[in-house]
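Peer 1: According to the working numbering, the sequence shown is numbered sequentially starting from 706.
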Amino acid sequence: MLKRISALILAGVTALTMAGCSGGGDGDSSAGNGSSGGGDDKIVMGFSQVGAESGWRTANTKSVQESAKEAGIDLKFSDAQQKQENQIKAIRSYIQQKVDVIAFSPVVESGWDTVLKEAQNAKIPVILTDRAVDSKDTSLYKTFLGSDFVEEGKKAGQWLVDEYKDSKDTVNIVELQGTTGSAPANDRKAGFSEIISADPKFKVIASQSGDFTRAKGKEVMEAFLKSNPKIDVLYAHNDDMGLGAIEAIEGAGKVPGKDIKIITVDAVHDGMQALADGKINYIVECSPLLGPQLMDLAKKVVKGEQVPPRVVTEETTFTQEQAKEALPNRKY
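#1: Do N765 and D835 count as a contact pair if the criterion is CB distance below 8 Å?
#2: Applying the criterion that 16 or more other CB atoms from any shown protein chain within 10 Å of the CB defines a buried residue, is K803 buried or exposed?
#3: So if DSSP puts S783 in a beta bridge, which residue, or which two residues, is it bridged to?
#4: State the Cα-Cα distance for the pair Y1037 and W761, rounded to the nearest angstrom.
#5: Spatial neighbours of A795 within its chain, please: C-beta separation below 6 Å, excluding the five flanking residues on both sides.
#6: Closest by CA to G956, which one among I985, E924, Y940, K966?
#7: If distances are taken between C-alpha atoms only, which option among V1012, L1002, G922 comes closest to L881?
#8: According to DSSP, simplified to helix, strand and coil, what is R1035?
#9: From A888 to V755, what does the alpha carbon distance come to, in whole angstroms?
#10: For S932, count neighbouring C-beta atoms within 10 Å of its own C-beta (all shown protein chains included) and say buried if the count is 16 or more, exposed if not.
#11: In the structure shown, what three-state DSSP assignment does E758 receive?
#12: Express the C-alpha separation of G862 and E1030 in angstroms, rounding to a whole number.
#13: For Y846, collect the residues of the same chain with a Cβ closer than 7 Å to its Cβ; drop the 5 residues on either side in sequence, then sort them by chain order.
#14: Counting C-beta neighbours from all protein chains within 10 Å, is the total for A773 16 or more, i.e. buried, or is it exposed?
#15: From E952 to H974, what does the alpha carbon distance come to, in whole angstroms?
#16: May I ask you to report which of helix, strand or coil DSSP gives T1018?
#17: Within 10 angstroms of its Cβ, does R919 collect 16 or more other Cβ (buried), or is it exposed?
#18: Have a look at P905 and T969 and give me their C-alpha separation to the nearest angstrom.
#19: Jot down the residue ranges of each uninterrupted beta strand (DSSP E) in the segment 924-964, minimum 3 residues, whole runs only, in chain order.
#20: Below 8 Å between beta carbons: does that hold for F907 and V876?
#21: Using the C-alpha atoms, what's the distance from S815 back to L780?
#22: In this structure, does DSSP put Q1027 in helix, strand or coil?
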């Protein structure tokens, strides 16, 4: 009888020990299966953000963090501070932690194949957000969620063409590009150039990176103004660089929006206010509120469901009057 009781106790202890081993509530879940066992099926996502270089990026981070909380997803977040090496380090950390899914917004387009292959070998699905990579092996990631940056550039160029359709004079344009090598910088430049190149009166007389920051936008615009006495148009790849450029233009004794027409991309609150005030002439929207769509995609890829290889966000454009109308309800 005593031996029988001892055997039952031993069996109970063994069962409890086994249950504890498979509990996995600390986020160290089995890669790619969407479940950490023991009845706890909370998805763990590793997310690597570019940085906090602009109002757009801040709004994007907030959207991802809030949406993860609402979706019941355990979010492990890292800020790469606009350095690719920091982002690769973070992704490798997520692989070691055996998260269920990795999402990141690439600092630049190239140089990702090795670390993405590591994630693939670990059977951890990857989602690209906001920015693409130039890898020829599209099997290294499940989907890319974000804007069509080429289309954004085309929209900016089309407004310019329409604005100067009755003019025969040369239109001197300066361009503030985003971070060198990044998808939005490459694509917004390409889309804009494609549209304006059809008419030889449009001439880009200077083009330089402003790193998507307000401070660098001001610095580069000051240099443009010193070296180019006649500037008709500024095309900035985001609002923040455009806002910095406005400071430089005003510092040079010129009137932004009149002496120099300004086109920007993003439509964050400060940019929209400048548009409403007439300091910017036209803004192409690039929505940072990708969080809800990202969490929906994450749940699907973790379950092994098929998702589209490309998910484009819906966006619009704004004139001064449209900005005034939209500002009171603007979320970012």
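Backbone N, C-alpha and C fix where the C-beta goes; we use that ideal spot for every residue, glycine too.
Peer 2: Let me lay it out:
#1: Their beta carbons are under 8 Å apart, which means D835 touches N765 by this criterion.
#2: In the assembly as shown, K803 is a buried residue. Its beta-carbon has 16 or more other beta-carbons within 10 Å.
#3: According to DSSP, which records beta bridges pairwise, S783 is partnered with S753.
#4: For Y1037 and W761, the distance between alpha carbons rounds to 8 Å.
#5: Within its own chain, the residues whose Cβ lies closer than 6 Å to the Cβ of A795, once the five positions on either side in sequence are excluded, are S753, S783, listed in chain order.
#6: Looking at the Cα atoms, E924 is the closest of the given residues.
#7: Of the candidates V1012, L1002, G922, the one whose C-alpha sits nearest the C-alpha of L881 is G922.
#8: R1035 falls in the coil class under three-state DSSP.
#9: Taking the straight line joining both Cα atoms gives about 12 Å.
#10: In this structure S932 is exposed. Its beta-carbon is surrounded by fewer than 16 other beta-carbon atoms within 10 angstroms.
#11: It is coil, neither helix nor strand.
#12: Those two C-alpha atoms are separated by around 24 Å.
#13: Closer than 7 Å at Cβ, skipping near neighbours: L821, V831, I832, L833.
#14: So A773 counts as buried.
#15: Near 17 Å, if we compare the C-alpha coordinates of H974 and E952.
#16: Of the three classes helix, strand and coil, the one that applies to T1018 here is coil, per DSSP.
#17: R919 should be labelled buried.
#18: Approximately 22 Å between the Cα atoms of the pair.
#19: Entirely contained in the segment 924-964, the beta strand (DSSP E) runs reaching 3 residues are, in chain order, 938-941.
#20: Taking the C-beta atoms as reference points, V876 is found nearer than 8 Å to F907.
#21: Each residue's alpha carbon lies about 26 Å from the other.
#22: Reduced to three states, the DSSP call for Q1027 is helix.
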